[in-house]
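Quick note on numbering: the sequence shown equals residues -18 to -1, 1 to 211 in mature numbering (1 follows the signal peptide of the UniProt record, and there is no 0).
Data first, discussion second: the structure below is written as C-alpha cells.
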Amino acid sequence: MKIKIILLLLLSYSFALDQNFEDFEQEYKSYQINDPLASYNKAMTHFNIALYTYGFRPILKGYNEVTPQFLRTGVRNFFDNLFSPLRFVGNVLQLKFENAGEEFKRFTTNTIMGFGGLMDPASQMGLKKHPADLGTILGHWGVGGGFHLVLPVLGPSNLRDTLTLPAIWYADPISYINPQWESIAISAYGFSNELSFKLDEIDEIYYNSPNLYPFLRDAYEQRRQELSK
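Here's what the structure looks like:
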C-alpha cells in the first residue's frame, strides 16, 4: 500500500508539472479561497520548500551538469507524449473537441515523426498542448474544488483534485509496469527530469515572491478554474 501511495504521488506530479509555473505569475489574481486548513497548508508549504531547497534542487543541479541537454529533452518529450492520450480523453470529456483534435495531432505527429515521442516536431508545427485531467473534467461539469489542500511533495491542490488521484494512478500506463518498484523508479525519473527544466522558475517563485503561500494557493485555484472552463 505504501508503495502504491508513493507511485500515486509521483504519477500525479506529472500532471501538476503540465501546468507551467509561468502561468502562476501570468494568471495570478488575489480572490477569496475556501481555506479552513490554512495553518496546516502553510506548514506543508514550508516543508515542500525545504524539501526542494535541501533535497531536489542540489540533486537536480548536479543532474543538469552531468546530463546532456539533448538527453534530458528526449526524456521530457517521451513522457509528455506518453500522457498525450490522457489529455485527449480529458478534453473530449469536456467537449473541447478542437483541443482534443490538436492533442490527437500532437500524439500522432510526435509518435510517428518524433521517433516514438523522443522528439517534438508537433510543437515546431504550432500544435499546442492542452492540459486536462479528471479534476478539470469534474470542474467543467460543475463540481467545485472544495477546500484548498497542500500535499506533501505535490504541493497546491484542493479536495476535488486530491480525490481524483487514484483515478489518475489507474489511468497512467506506467502504473502497470511490474515489478512495482520499476514503476516507481520510472515515474521518479520522469518527474525529476521534468523538474530539472523548471529550477529557475521555481527559484523565482519560491525565493522572490512576497506572501508566498497565498500567492501559490490563489494561483493554483485560478489556474484550475481556467482549465475547467
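The beta-carbon is built from N, C-alpha and C at its ideal position, and this holds for glycine as well.
Excluding sequence positions up to five away, which residues of its chain have a Cβ less than 7 Å from the Cβ of residue i?
{"i": "ARG39", "result": "LEU181"}
{"i": "ASN175", "result": "ARG54, VAL57, ARG58"}
{"i": "ASP102", "result": "ASN59, ASN92, GLY96"}
{"i": "ASN46", "result": "SER178"}
{"i": "SER191", "result": "PHE197"}
{"i": "ALA25", "result": "none"}
{"i": "MET107", "result": "THR91"}
{"i": "ASN193", "result": "none"}
With a CB to CB cut of under 6 Å and the five nearest residues on each side skipped, what residues in its chain are close to residue i?
{"i": "ILE159", "result": "SER165"}
{"i": "ALA82", "result": "PHE70, ASN73, VAL74"}
{"i": "THR27", "result": "VAL132, TYR195"}
{"i": "THR49", "result": "none"}
{"i": "SER188", "result": "The sequence shown places Tyr at residue 188, rather than the Ser named in the question. Taken in chain order, the residues that qualify are ILE31."}
Going by Cα to Cα distance, which pick from the options is closest to residue i?
{"i": "VAL74", "options": "ALA32, HIS112, PRO192, GLY99", "result": "HIS112"}
{"i": "LEU100", "options": "PHE86, LEU53, VAL132", "result": "LEU53"}
{"i": "ASN16", "options": "PRO192, SER139, SER178", "result": "SER139"}
{"i": "GLY98", "options": "THR118, MET107, THR144, PHE65", "result": "PHE65"}
{"i": "ILE41", "options": "ARG206, ILE187, PRO192, PHE179", "result": "PHE179"}
{"i": "HIS130", "options": "PRO50, GLY44, GLU47, GLU203", "result": "GLU203"}
{"i": "ARG206", "options": "GLN106, GLN51, ASN193, THR144", "result": "THR144"}
{"i": "ASP62", "options": "ILE187, PRO134, THR90", "result": "THR90"}
{"i": "PHE86", "options": "PRO161, PRO192, PRO67, ILE187", "result": "PRO67"}
{"i": "HIS122", "options": "LEU147, THR146, LEU77, GLU183", "result": "LEU77"}
{"i": "ILE184", "options": "MET107, LYS211, LYS43, GLY126", "result": "LYS43"}
{"i": "GLU186", "options": "ILE94, GLY126, GLU80, THR35", "result": "THR35"}
{"i": "residue 230", "options": "TYR188, GLY37, TYR189, LYS211", "result": "Since the first residue of the chain shown is -18 and the last is 211, residue 230 is not available in this structure."}
For the putative contact between residue i and residue j, defined by C-beta atoms under 8 Å, what is the C-beta separation to the nearest angstrom?
{"i": "ALA104", "j": "ARG88", "result": "4 Å"}
{"i": "GLY124", "j": "LEU141", "result": "Not confirmed; about 15 Å, so no contact."}
{"i": "LEU116", "j": "ALA149", "result": "5 Å"}
{"i": "LEU109", "j": "GLU84", "result": "6 Å"}
{"i": "THR118", "j": "LEU209", "result": "5 Å"}
{"i": "ASN30", "j": "GLY172", "result": "Contact flag wrong, Cβ pair sits at about 19 Å."}
{"i": "LEU33", "j": "VAL135", "result": "7 Å"}
Looking only at its own chain, which residues have a Cβ that is under 8 Å from the Cβ of residue i, when we skip the five neighbours before and after it?
{"i": "LEU(-8)", "result": "At LEU(-8), the pLDDT of 46 sits below 50, so the modelled position is not reliable; the number obtained from the coordinates is stated separately. Counting only Cβ-Cβ distances below 8 Å, and skipping sequence neighbours, we find ILE150, TRP151, ASP154, ILE156, SER157, SER169."}
{"i": "GLU9", "result": "For GLU9, the predicted model reports a pLDDT of 49, less than 50, meaning its position is unreliable and no value from the coordinates is stated."}
{"i": "ASN23", "result": "ASP17, HIS130, LEU131, VAL132, TYR195, ARG199"}
{"i": "ALA167", "result": "none"}
{"i": "PHE79", "result": "ASN73"}
* Runs of alpha helix (DSSP H) wholly within the segment 147 to 197 (minimum 4 residues, chain order) -> Secondary structure in the segment 147 to 197: the alpha helix (DSSP H) runs of 4 residues or longer, each lying completely within the stretch, are 147 to 153, 162 to 178, 181 to 190 in chain order.
* Going along the chain, which unbroken runs of the beta strand (DSSP E) with 3 or more residues stay wholly within the segment 53 to 137? -> If you keep only unbroken beta strand (DSSP E) runs of at least 3 residues inside the segment 53 to 137, you get 130 to 133.
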